Amino acid sequence: MTGIPVTIVNHVAIDIEAAPDAVWRVILDEYVEASKFRKAGYSIEPLDGSESVFGGYRMRLEENGTAVEERVVRITERDETAHRLSVFADYVVDPDGPMRVHATYHARESERGTQYTLDCHADIALDASANVAASVEEWTKQAEVGLLQYLGTIKAAIEGALA
19 MTGIPVTIVN HVAIDIEAAP DAVWRVILDE YVEASKFRKA GYSIEPLDGS
69 ESVFGGYRMR LEENGTAVEE RVVRITERDE TAHRLSVFAD YVVDPDGPMR
119 VHATYHARES ERGTQYTLDC HADIALDASA NVAASVEEWT KQAEVGLLQY
169 LGTIKAAIEG ALA
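Terminal number for the sequence shown in the numbering used here: 181, no gaps in between.
This is the structure we're talking about:
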């Protein structure tokens, strides 16, 4: 990465009226099985054991035979008892430039069912000529909006299926 290295940090959560097991199954389906990315048109190629001890995959989205996005995703933690999954993604090809993301997805029991928390740390490089503080603030806000929208779709899908 060239430019000024920064880490964008987001911690978001949403309450879902469902058992933690139901939310955990969605987390595994979307991020271990990569169903979220398959539905979006990415090709998924599993990594072998030497590339990622706990599993992972290379995902690629093409337009006219050219990669417009490509990531290598490695599972770094899978705790079935705690319902917690951590991944590391190296964005090899991305419209925003190279990026590395560490994310933890956690389905915790709560009074109303489950609190789905998502903690995300994205390492990026910002243009040295930019107002770095303002750029970090903008990236953080945009990421938070996107992550909360994502959690909202999961909440609606799970609660809708249970209704």
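C-beta: ideal position from N, C-alpha, C; glycine also. Predicted model only: the values in this text are computed from it and were never measured.
Roughly how many angstroms lie between the CA atoms of residue i and residue j, to the nearest whole one?
i	j	result
Ile62	Glu129	37 Å
Ile93	Ala85	23 Å
Gly67	Leu136	26 Å
Ile22	Trp42	36 Å
Lys159	Pro116	19 Å
Ala155	Ile32	The question names Ala, but residue 155 in the sequence shown is Glu. So the two alpha carbons sit approximately 22 Å from each other.
Ala40	Thr171	14 Å
Following the continuous beta strand (DSSP E) through residue i, name the residue where it begins and the one where it ends.
i	result
Asp108	Arg102 to Val111
Tyr123	Met117 to Ser128
Ala151	Where Ala151 is concerned, there is no enclosing beta strand (DSSP E), although the alpha helix (DSSP H) it sits in stretches over Val150 to Leu180.
Asp145	Looking at the DSSP string, Asp145 is not in any beta strand (DSSP E), and its letter there is neither H nor E.
Name the residue from the options whose alpha carbon lies nearest to the alpha carbon of residue i.
i	options	result
Asp114	Glu48, Arg96, Ala140 and Val44	Ala140
Ala15	Tyr75, Asn149 and Lys173	Summary: the structure shown does not reach residue 15, with the chain confined to residues 19 through 181, and so no result is reported for it.
Thr132	Ala58, Asn82, Leu169 and Asp97	Leu169
Asp108	Arg56, Val119, Ala100 and His101	Val119
Ala37	Glu155, Glu95, Glu127 and Met117	Glu127
His101	Tyr134, Asn149 and Glu48	Tyr134
Val110	Ile45, Gly83 and Arg89	Arg89
Leu46	Gly178, Lys173, Ser104 and Ala174	Ser104
Would you give the residue range spanned by the alpha helix (DSSP H) that residue i belongs to?
i	result
Val44	Pro38 to Ile45
Counting only C-beta atoms, is residue i closer than 7 Å to chain C at any point?
i	result
Thr171	In summary, chain C is missing from the structure at hand, where a single protein chain is found.
Pull up the DSSP beta-bridge partners for residue i, would you.
i	result
Asp66	BP columns for Asp66 are empty, so no partner.
Gln133	Asp33 and Arg126
Tyr10	The requested residue 10 is not part of the displayed model; the chain covers only 19 to 181.
Arg56	Note: Arg56 sits in no beta bridge, so no partner.
Validate contact between the stretch 64-84 and the stretch 154-174 using beta carbons, cut 8 Å, 3 pairs: Short answer: they don't touch.
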